[in-house]
Amino acid sequence: MTKNSLADLAVSGRFLTVRVTPNARSNKVIVENGTIRIGVTVPPADGAANAAVIKLLSKALGVPKSRLTLIKGHKSRDKVIQVD
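Shown next as structure tokens:
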């Protein structure tokens with residue numbers, strides 16, 4: 001899936017399931033076998049990794065951070081994010 005395809009997922013009301021890897025070597029968003037995988041360099045402490053995920057995903061989707069809401073998985077690697 002290309003970056004343009006990721007932008008196609010930025011439909012209002014859509015729920016995105018993502019798999020997060022905190023403490024990654026680099027910040028990245030990849031799609032592997034239909035799964036969105038996000039690596040962030042920050043540790044999973046005090047919500048820092050969640051904030052980094054929202055920031056990185058908003059950039060990849062081409063939408064403002066305010067349009068993304070973490071619905072499920074605040075303390076898990078598997079997260080559900082809604083596009084508003």
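Positions 1 to 84 (our numbering) are the ones given, in order, by the sequence shown. Just so you know, even glycine gets a beta-carbon here, dropped at the ideal spot from N, CA and C. Just so you know, these numbers come straight off a predicted model, no measurement behind them.
For Val-18, the uninterrupted beta strand (DSSP E) run begins and ends at 15-21, by DSSP. The beta carbon of Ser-12 is closer than 7 Å to those of Val-83 and Asp-84 in its chain, skipping five residues each way along the sequence.
Per the Cβ contact rule, the segment 27-46 is not in contact with the segment 62-69 (fewer than 3 Cβ pairs under 8 Å). Take the alpha-carbon of Asn-50 and the one of Arg-25: they are about 17 Å apart.
Contact annotation: Leu-56 and Asn-27 have beta-carbon atoms nearer than 8 Å.
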